[in-house]
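>
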DNA sequence: ACAAAAAACGAAAACGTTTTCGTAAAAATC
DNA sequence: GATTTTTACGAAAACGTTTTCGTTTTTTGT
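See below:
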């Protein structure tokens with residue numbers, strides 16, 4: 028009933044605890060004979076080292092902390108999966124926490140993880156996080172910290188991101204390439220940074236193609252929420268305000284799908300009248316009708332990459348090596364689907 | 028740089044480690060004066076108890092393990108969210124592991140969690156888990172174990188489930204109520220249990236309504252996978268084989284959406300020609316067109332409930348009370364949408 | 001002022017490991 | 001067979017807490 032300890036094994040075999048410990052870890056100064064005796068008994072008693080005792084001695088927990096703003100989200104759950112899978116391969120466990128887009132919670136959770144003595148922390152910031160003291164505290168403790176997707180440029184740690192500005196540029200360019208002249212943008216809130224960058228990418232693409240930038244074509248949902256309804260509302264307004272729009276670049280797929288639905292309801296044809304491109308490549312974008320052209324964000328890869336960077340830094344610190352913070356930018360990909368198919372006008 | 032310890036605080040204040048420890052935990056045998064001195068210094072040094080030392084002494088880790096077959100899944104990520112949120116409220120951290128629907132991995136992960144000395148384990152089984160030794164091992168160690176959704180009836184532990192048979196019955200009954208006479212079923216694989224129960228609910232509803240059960244109307248995808256493509260393939264076969272079918276009850280939403288798409292491609296109208304009902308209420312079911320009638324599975328609530336049951340058992344064991352395993356059945360709800368709207372024939 | 005009671009503190013053991021260093025036993029060398 | 005070298009083992013400290021129990025100090029009552 029109570030877990031087996033080294034001591035019990037030692038007593039049964041009439042040898043010392045030290046020898047048992049060393050036998051199990053294949054120290055060279057234990058004879059083969061006792062090694063096999065010890066290992067056999069350990070297995071038959073189903074011995075499992077007490078991780079607390081181990082970690083107390085060795086100062087490493089083989090555990091990392093992960094903070095995401097929201098668990099129920101296709102992109103983030105893919106990231107989580109990437110992290111968890113990769114961590115397990117390297118013998119690390121992942122403690123997961125959800126900040127619910129709240130800075131206050133995020134701060135508390137960092138504290139929690141620190142007192143849990145995790146070996147490192149992976150984090151994607153809450154939207155309203157603009158103070159970075161809690162993050163700098165982690166760095167000050169010389170504990171590896173890697174940020175992904177929703178990052179703060181000011182914090183001096185490694186980051187794994189996509190190039191939102193470039194991806195948005197590509198998306199907009201695609202609309203232009205297939206003939207759109209009046210392109211609207213349904214943008215995200217003022218924070219996180221990602222929204223801004225996507226907006227800037229959109230604007231740059233217009234200007235680079237000698238299309239006028241018209242700020243009245245940029246829509247932001249009332250509460251900055253990225254919901255299905257936000258897409259519906261913006262689409263309705265857009266059709267009321269601007270009859271001549273022929274393309275929309277939307278900040279995120281869910282909003283794009285809302286817009287798609289509303290346009291359909293209003294009798295506006297996609298892609299015939301208006302072409303739409305989303306962002307993130309949510310699974311559902313491939314199965315709705317018309318299917319949604321979008322930018323693929325490599326969630327799983329981002330999770331893997333973020334963990335591997337963290338792992339490198341954990342090992343480096345263990346070996347007392349210096350490491351410089353790195354920023355890794357992952358490739359995005361334009362996924363062409365029906366919502367931007369060229370409609371022949373004959 | 029190195030974390031602050033009780034010893035350092037004690038030395039600075041010229042008192043013993045014991046007193047410091049007691050002061051921080053508000054023991055009655057420490058004077059108010061020293062308590063405030065200790066607490067102030069602890070705060071200014073940003074002292075955080077070393078969790079390993081604490082846990083080594085107290086024998087509880089304030090950590091639980093969670094194993095799910097798949098993280099990237101709307102239903103499961105909702106469950107995860109419910110568990111993580113509820114756990115945090117009670118001061119517990121969650122270590123998350125993904126079995127990838129593999130029994131082998133699941134077994135290893137149970138071992139991992141046990142050696143990590145978690146206070147309890149939450150698990151939803153992999154499809155091919157049919158041996159329960161690893162689970163019984165947990166129970167034998169008197170460590171709380173709660174299974175949810177994909178359970179094994181044979182294992183003597185608490186369970187949180189929905190009544191799949193009844194839910195499937197309700198779904199089928201709904202099709203019957205709105206006039207369907209020839210109802211097909213796209214079922215899941217032979218495991219998990221849930222598929223079987225849904226199939227049985229479907230059959231019972233037919234028989235209770237004096238409709239013949241025709242096994243040729245029951246389709247199972249080749250590899251037992253519940254994918255979009257599986258829905259497309261089954262739909263195609265169905266239309267080839269049975270011209271007279273007017274309703275389909277599908278094992279899960281994603282497959283239903285695949286079927287929906289294929290029917291549309293084949294020129295079969297939903298709901299006019301064939302009515303479809305899914306299962307699980309994936310988010311996308313509400314935004315596709317036609318929107319999909321389905322059975323709502325309360326994922327978040329299931330997560331909350333599962334954690335709370337586990338928590339109860341953790342506390343009970345701590346207090347050396349006996350607890351009998353409980354099975355908690357959560358309510359499902361029929362969500363009526365366009366895919367089963369009644370089509371007036373005039 | 002003195003004993004008794006109450007309050008405040010500390011010494012030490014314990015939790016289960018890991019690892020250093022010293023020593024005993026066995027093997028090798030001449 | 002005596003000495004050295006090699007091999008195998010164990011004692012003990014350390015990691016940072018918590019908690020019991022004994023001791024000292026202060027307060028109370030007379």
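Protein chains in written order, with the working numbering: chain A, 28 to 373; chain B, 28 to 373.
We put the CB at the ideal spot given by N, CA and C, even for glycine.
Owing to the predicted nature of the structure, the values given are computational and were not obtained by experimental measurement.
Where does residue 246/B sit, in a helix, a strand or coil, going by DSSP?
Strand.
> For the alpha helix (DSSP H) holding residue 179/A, just list the boundary residues, first then last.
Element bounds for residue 179/A: n/a, residue is neither H nor E.
> Does any C-beta atom of chain A lie closer than 8 Å to the C-beta of residue 286/B?
No, its Cβ sits nowhere closer than 8 Å to a Cβ of chain A.
> Once you ignore the five residues that flank residue 373/B on each side, which residues in its own chain have a CB closer than 6 Å to its CB?
Residue placement at residue 373/B is flagged as unreliable, the pLDDT there being 48, under the threshold of 50; the coordinate-derived value follows with that caveat. Same-chain partners within the cutoff: there are none.
> Restricting to Cα atoms, I'd like to know which of 223/A, 71/A and 357/A is closest to residue 247/A.
Ranking 223/A, 71/A and 357/A by Cα distance to residue 247/A puts 223/A first.
> Please state if the CB of residue 95/A and the CB of residue 315/B are separated by a distance shorter than 8 Å.
The answer is no: Cβ separation not under 8 Å.
> Does the Cβ of residue 146/A have 16 or more other Cβ atoms within 10 Å, making it buried, or fewer, making it exposed?
With 16 or more Cβ atoms within 10 Å of its Cβ, residue 146/A is classed as buried.
> Determine which residues share a DSSP beta bridge with residue 354/A and list them.
DSSP lists 186/A as partners of residue 354/A.
> What do you reckon, are the CB atoms on residue 359/B and residue 322/B nearer than 8 Å?
The answer is yes: Cβ separation under 8 Å.
> Since residue 258/B and residue 245/B are thought to touch, with beta carbons under 8 Å apart, how far apart are those beta carbons, to the nearest angstrom?
Actually they are not in contact, since the Cβ atoms of residue 258/B and residue 245/B sit about 15 Å apart, beyond 8 Å.
> Work out the CA separation of residue 155/B and residue 53/B for me, nearest whole Å.
Roughly 51 Å separates the two Cα atoms.
> Can you tell me the Cα-Cα spacing of residue 112/A and residue 320/B, whole angstroms?
Straight-line Cα distance between these residues: approximately 34 Å.
> Mind pulling the chain B residues with CB within less than 7 Å of residue 141/A?
Here the neighbours are 75.
> Residues of the segment 79 to 92 of chain B with a CB closer than 8 Å to any CB of chain A: list them in chain order, please.
So the list reads 79, 80, 82, 83, 88 and 90, given in the order they occur along the chain.
> Which chain B residues are close to residue 255/A, counting only those with a beta carbon under 7 Å from its beta carbon?
Result: 314.
> Can you tell me whether residue 362/A is helix, strand or coil according to DSSP?
Strand.
> On the criterion of 16 or more Cβ atoms from any shown chain inside 10 Å, does residue 143/A qualify as buried, or is it exposed?
Answer is buried; the Cβ neighbour count reaches 16.
> May I ask you to verify whether the segment 39 to 58 of chain A touches the segment 104 to 120 of chain A, counting CB pairs closer than 8 Å and requiring at least 3?
The segment 39 to 58 of chain A is not in contact with the segment 104 to 120 of chain A.
> Classify residue 353/B as buried or exposed, calling it buried when 16 or more other Cβ atoms lie within 10 Å of its own Cβ.
Burial call: exposed.
> Ends of the alpha helix (DSSP H) at residue 79/A?
Taken as a continuous stretch (DSSP letters only), the alpha helix (DSSP H) holding residue 79/A covers 78 to 85.
> The alpha helix (DSSP H) spanning residue 39/B covers which residue range?
Run containing residue 39/B: 33 to 40, per the alpha helix (DSSP H) assignment.
> So what does DSSP say about residue 214/A, is it helix, strand or coil?
In the structure shown, residue 214/A sits in a strand (DSSP, three-state: E or B).
> Taking the straight line between their C-alpha atoms, what separation do you get for residue 382/A and residue 132/B?
This structure cannot speak to residue 382/A, because chain A is shown only from 28 to 373.
> Tell me the DSSP bridge mates of residue 323/B?
Its beta-bridge partners are 307/B and 360/B.
> Which residues of chain A have a Cβ atom closer than 7 Å to the Cβ of residue 104/B, listed in chain order?
Simply 98, 99 and 104.
> If you measure from the beta carbon of residue 311/B to each beta carbon in chain A, is any gap under 8 Å?
With 8 Å as the cut-off, residue 311/B counts as an interface residue toward chain A.
> Would you mind sorting residue 250/A into buried or exposed? The rule is 16 or more other CB atoms within 10 Å of its CB.
That one is exposed.
> What number of angstroms, rounded off, separates the C-alpha of residue 88/A from the C-alpha of residue 287/A?
In a straight line, the C-alpha of residue 88/A is about 48 Å away from that of residue 287/A.
> Could you compute how far the alpha carbon of residue 242/B sits from the alpha carbon of residue 92/B?
Residue 242/B and residue 92/B: Cα-Cα distance of roughly 41 Å.
> Kindly identify the DSSP beta-bridge partner or partners of residue 276/A.
The partner list for residue 276/A (beta bridge, DSSP) reads 212/A and 304/A.
> Return yes when the Cβ of residue 289/B is within less than 8 Å of the Cβ of residue 270/B, no when it is not.
In this structure, residue 289/B does not lie closer than 8 Å to residue 270/B by Cβ.
> If you reduce the DSSP assignment to three classes, tell me which class residue 373/A lands in.
Its pLDDT being 49, under 50, residue 373/A is placed unreliably by the model, and nothing is read from it.
> So the beta strand (DSSP E) residue 90/A belongs to, where does it begin and stop?
Segment 90 to 95, the beta strand (DSSP E) holding residue 90/A.
> Excluding the 5 residues flanking residue 273/B on each side, which residues of the same chain have their C-beta closer than 8 Å to its C-beta?
Taken in chain order, the residues that qualify are 206, 207, 208, 209, 210, 300, 301 and 302.
> Is the beta carbon of residue 324/B closer than 8 Å to that of residue 335/B?
Against a cut-off of 8 Å, the Cβ pair of residue 324/B and residue 335/B comes out as no contact.
> Can you find a C-beta in chain B that's less than 8 Å from the C-beta of residue 373/A?
With a pLDDT of 49 at residue 373/A, under the threshold of 50, the modelled position of this residue cannot be trusted; read the value that follows with caution. Chain B contact via Cβ: absent.
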